[in-house]
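My numbering puts the first residue of the sequence shown at 554, with every later residue one more than the last. Structure record follows, encoded as structure tokens.
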Amino acid sequence: MLRIMLSALALGALAQTARAEDAGPQQSVVAAPPQAVAVGVTLIPGDFPPDRGPDGNTVVFTAPDGLVVIDTGRHVWHSDAILAFAAAQHRPIAAIVNTHWHLDHTSGNRRLQAVFPQAQIYATNAIDRALGPDGFLTRNLANAQATLNDPNASATDKDETQMFLDTMAHSASLRPDVAVTQSGPMRLAGRRLDMYVTDGAVTDADIWLYDKHTHVAVVGDLVTLPAPFFETACPQRWSAALDQVWATPFAIAIPGHGDPMTRVQFDTYRHAYNAFVTCVRGTTAAHDCATAWAQDIAVFLPEDRDRRAAISMADYYVGMLREHGGKSAACLRES
């Protein structure tokens, strides 16, 4: 089971459902091709390769002065796909926005800035606590080194671990050049985007965006499939953030992991999320809560393996959240 908690995900729980033969660090992974979502809005899909950490979705807005990149993935092949898109468009990357600090959304920052050093990173300061002396990422350093030294660790696990250590060695690239501290309109590379900052949700403070011109909302890990990722989350405040997204007149919502959603699909996810959190705070058996979650989001689970993954991850999260009174151990925003 993969146990490298490098992006605050229950990777081990998911790996139990679909473990593939280890192909080692040389395995070839090809990023999915870019997808046009609306005029001037492109999705570079993330992925979840077997036994590896995921890459979150990247959304690129075309702006008068260049490209605005929302989230940068984890792996080299994902950041290479972003750079290839910029090259094909013959436009510079002018700005980078991180919806939150999880490494599957931020590890590509330094690779993009190496090519486009003028591109400023816009993010909240939530990364400060994660990188602090007792922060979530700092605590993983000792475990990561132990994995590298473990003769029984797979080549893939060691490869993923080395990527984590490389990112931590350049952790300045995870911090914002421009700290986003409050909600409001911002003009990035000449394009107006409405930026919303949460007070606790997936992390201490997350960003989601709404583009009035195309009616596209980019919601980061406020929506993830096959399950919400709760390692650093405040579930009740997360629910409030979903309600805030719903109150905007978006037509398409792009999640942190998964395909773009219509309003109806987003509302299905929102209600399923609220039902799951309510179940967690009750006394229903963990597996029953997890099974109900998978049933509520069945429209997003086209194959049996997707359903098994959803149940496995949700089951894991029920136990994790209940251990800490219905929230993650990292949450400081809920009683």
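C-beta: ideal position from N, C-alpha, C; glycine also.
Subject >> Closest residue to G753 among S726, K765 and A786 (Cα-Cα distance) >> reply: Numbered from 1 along the sequence shown, position 200 holds the residue referred to as residue 753. When each option's Cα is compared against that of G753, the closest is A786.
**OP:** Using three-state DSSP, classify I597 as helix, strand or coil.
**Re:** What you label residue 597 is simply residue 44 of the sequence shown in a count that begins at 1. The answer is strand: DSSP assigns I597 an E or B state.
Original post:
What residues match up with W761 in a beta bridge as DSSP calls it?
Top reply: Position 208 of the sequence shown holds residue 761. Answer is Y749, bridged to W761.
**OP:** For D608, I'd like the list of residues in its chain whose CB is within less than 6 Å of its CB, leaving aside the five on either flank, ordered along the chain.
**Re:** Position 55 of the sequence shown, counted from the start, is the residue given in the question as residue 608. So the qualifying residues of the chain are G599, D600, G626, R627, H628, H631 and D657.
Original post:
Excluding five sequence neighbours on each side, which residues of the same chain lie with their C-beta closer than 7 Å to the C-beta of R860?
Top reply: Residue numbering aside, residue 860 sits at position 307 when the sequence shown is read from its first letter. Only A847 and L854 meet the Cβ criterion.
Subject >> Where D719 sits in the DSSP three-state scheme >> reply: As a position in the sequence shown, residue 719 is number 166, starting the count at 1. In the structure shown, D719 sits in a helix (DSSP, three-state: H, G or I).
Original post:
Where L775 and I649 are concerned, what is the direct C-alpha to C-alpha distance, given to the nearest angstrom?
Top reply: Numbered from its first residue, the sequence shown carries residue 775 at position 222. Numbered from its first residue, the sequence shown carries residue 649 at position 96. Answer to the nearest angstrom: the Cα atoms are 19 Å apart.
Original post:
Which first and last residues belong to the beta strand (DSSP E) in which G809 is found?
Top reply: Along the sequence shown, read from residue 1 onward, the residue named residue 809 stands at position 256. Where G809 is concerned, the enclosing beta strand (DSSP E) stretches over I805 to H810.
**OP:** Could you name the residues of the same chain whose beta carbon sits closer than 6 Å to that of Y822, not counting the 5 residues immediately before and after it, in chain order?
**Re:** Within the sequence shown, the letter at position 269 stands for residue 822. Counting only Cβ-Cβ distances below 6 Å, and skipping sequence neighbours, we find V776.
Original post:
Is it true that the CB of P808 sits closer than 7 Å to the CB of V772?
Top reply: Numbered from its first residue, the sequence shown carries residue 772 at position 219. Numbered from its first residue, the sequence shown carries residue 808 at position 255. Yes. Within cutoff.
**OP:** For the stretch 851-880, list the alpha helix (DSSP H) runs that are entirely contained and at least 4 residues long, ordered along the chain.
**Re:** 857-876
Original post:
How many Å lie between A616 and T652 at the Cα?
Top reply: Taking the sequence shown and counting its residues from 1, the one referred to as residue 616 is at position 63. Taking the sequence shown and counting its residues from 1, the one referred to as residue 652 is at position 99. Each residue's alpha carbon lies about 19 Å from the other.
Original post:
Residues bridged to A676 by DSSP?
Top reply: Translated into positions along the sequence shown, residue 676 becomes position 123. Bridge partners of A676: A732.
**OP:** Could you tell me the distance, in whole angstroms, from the CA atom of S603 to the CA atom of N610?
**Re:** Numbered from 1 along the sequence shown, position 50 holds the residue referred to as residue 603. Numbered from 1 along the sequence shown, position 57 holds the residue referred to as residue 610. Residue identity check: residue 603 is Pro in the sequence provided, not Ser. If I take the Cα positions, the gap works out to 17 Å.
**OP:** Quick one: using the 10 Å Cβ neighbour count with 16 as the cut-off for buried, is L555 buried or exposed?
**Re:** Mapped onto the sequence shown, residue 555 falls at position 2. In this prediction, L555 has a pLDDT of 29, which is less than 50 and means its spatial position is unreliable; what the coordinates show is noted afterwards. Buried is the call here.
Subject >> Assigned exposure category for L885 - 16 Cβ within 10 Å defines buried >> reply: The count along the sequence shown starts at 1 and reaches residue 885 at position 332. Classification for L885: exposed.
**OP:** For Q666, count neighbouring Cβ atoms within 10 angstroms of its own Cβ and tell me buried if that reaches 16, exposed if not.
**Re:** The sequence position of residue 666 within the sequence shown is 113, counting from 1. It counts as buried.
Original post:
According to DSSP, which residues form a beta bridge with Q588?
Top reply: Reading the sequence shown from its first residue, position 35 is the one you call residue 588. BP columns for Q588 point to L596.
Original post:
How would you call L596, buried or exposed, if buried means at least 16 neighbouring beta carbons within 10 angstroms?
Top reply: Counting from one through the sequence shown, the residue named residue 596 turns up at place 43. The residue in question, L596, is buried, as its Cβ has 16 or more Cβ neighbours within 10 Å.
Original post:
Considering only the beta carbon of each residue, do A793 and T677 sit closer than 7 Å?
Top reply: Locating residue 793 in the sequence shown gives position 240, counting from the first residue. Locating residue 677 in the sequence shown gives position 124, counting from the first residue. Taking 7 Å as the Cβ cut-off, A793 and T677 do not qualify as a contacting pair.
**OP:** Go ahead and pull the three-state DSSP assignment for A838.
**Re:** Taking the sequence shown and counting its residues from 1, one reaches residue 838 at position 285. Three-state DSSP puts A838 in coil, outside helix and strand.
Subject >> Beta-bridge partners of P738, as assigned by DSSP >> reply: If you number the sequence shown from 1, residue 738 lands on position 185. Partner(s): D747.
Original post:
Does DSSP put Q579 in a helix, a strand or coil?
Top reply: Within the sequence shown, numbered from 1, the residue matching residue 579 stands at position 26. The predicted model places Q579 with a pLDDT of 39, which falls under 50 and marks its position as unreliable; any figure quoted below should be read in that light. Three-state result, Q579: coil.
Original post:
Could you give the residue range of the alpha helix (DSSP H) that holds V817?
Top reply: Stepping through the sequence shown from its first residue, residue 817 is reached at position 264. Start and end: R816 to V833.
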